[in-house]
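What follows is a single structure, written as structure tokens, with notes after it.
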Amino acid sequence: MTSQRRTPAGRGRTLPVAAGAGAGLLAAGAALLGRKVLATLRAGRGHPLAHRVLDVSSSVLQRKYPLESMSTYLNGFHMYADEMGRQVEASHFCIHLRHDLHQCVIFDRNAPDARLIGIEYIVSEERFRSLPEEEKRLWHSHHHEVRSGTLVAPGVPEIAEHAYFEDLVRTYGKTFHTWQYDRDEDFPYGIPQLMMAFTGEGQLREELVRERDERLGVSTEQKRRRRADIPEPEVAPGANTWEDGRTVQLRLEETELRR
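Here it is in structure tokens:
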């Protein structure tokens with residue numbers, strides 16, 4: 013059995029739509045909506061009832077265009093720019109804003125109640141090379157993260173992930189964490205901190221990788237082997253300045269108010 017659906021602008025031409033397909037779409041939409049509401053409720057545990065009602069209503073009725081545009085979920089690790097021993101897991105949710113620019117929000121994990129811990133901008137090698145020298149000090153390369161297998165796209169088929177990382181291996185990132193959750197679990201104290209990526213073997217703690225792999229059901233070692241055919245790019249001068257033993261980091265500074 014089929015029904016008739018009128019095309020946009022009322023042009024009179026009709027398209028056959030299977031009733032079964034329509035019912036399937038409605039069921040899928042209802043299931044998605046249900047999952048969205050449940051996720052909102054789980055994230056709002058402990059909130060007053062009025063707040064939870066507002067949260068659920070907003071999740072159903074409001075469009076969040078920037079969030080809907082986030083097409084990529086990446087999981088990796090960062091270190092504080094001035095302290096290699098402070099290493100944290102980071103779940104990135106990214107928008108491909110332009111051909112040479114991604115923008116990502118970073119959470120401590122992929123869960124409804126995840127903590128928002130930072131942001132990262134990712135640019136092409138060409139864009140990075142054009143930056144002022146002082147600006148380059150804030151950026152890190154992605155060559156080792158990709159080739160070592162420590163940066164992953166959970167749930168993406170291997171062939172698609174491999175193709176994505178063939179491009180990402182030549183990019184550069186600028187990352188600030190706003191929540192030092194390795195130090196302050198319950199509240200985002202302090203000011204944003206510049207973060208860096210690892211550039212060689214033996215820098216990232218093995219137990220962090222092992223715990224992440226078990227939880228997400230991935231194998232860093234297997235991905236390392238499968239990405240061996242990705243050429244290692246020459247790192248552009250100016251990136252990864254921490255490797256020279258000197259780095260930059262944000263500090264609070266009192267200053268006069270401009271009026």
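Residue numbers (our numbering): 13 to 271. The beta carbon of each residue, even a glycine, is placed where N, CA and C say it ideally should be. Keep in mind it's a predicted model, so treat the numbers as computed, not measured.
Here DSSP, grouped into helix, strand and coil, assigns residue 155 to helix.
When beta bridges are read from the DSSP output, residue 88 appears opposite 102. Leaving aside the five residues that flank residue 265 on each side, none in its chain has a CB nearer than 8 angstroms to its CB.
In the structure shown, the three-state DSSP call for residue 131 is strand. DSSP assignment within the region 165 to 251 yields the following whole alpha helix (DSSP H) runs of 4 residues or more, N-terminal first: 170 to 180, 218 to 228 and 232 to 238.
Where residue 113 is concerned, the enclosing beta strand (DSSP E) starts and stops at 113 to 119. With respect to residue 141, residue 248 sits close: the two C-beta atoms are nearer than 8 angstroms. Classified as buried, residue 92 has 16 or more neighbouring CB atoms from the shown chains inside 10 Å of its CB. Between residue 77 and residue 135, the C-beta spacing is not below 8 angstroms. In the DSSP annotation of this structure, the continuous segment of the alpha helix (DSSP H) that includes residue 79 starts and ends at 77 to 80. One Cα belongs to residue 186, the other to residue 125, and the distance between them is close to 25 angstroms. Across the structure, residue 106 and residue 270 are spaced so that their CA atoms are roughly 36 angstroms apart. DSSP lists no bridge partner for residue 149.
Nearest Cα to residue 212 within the set 127, 109, 254 and 180: 254. Around the beta carbon of residue 101, 16 or more other beta carbons lie within 10 angstroms, which makes this residue buried. Taking a cut-off of 8 angstroms for Cβ pairs, the region 233 to 250 and the region 157 to 169 touch, as three or more such pairs fall below it. Per DSSP, the unbroken alpha helix (DSSP H) holding residue 139 starts and ends at 137 to 141.
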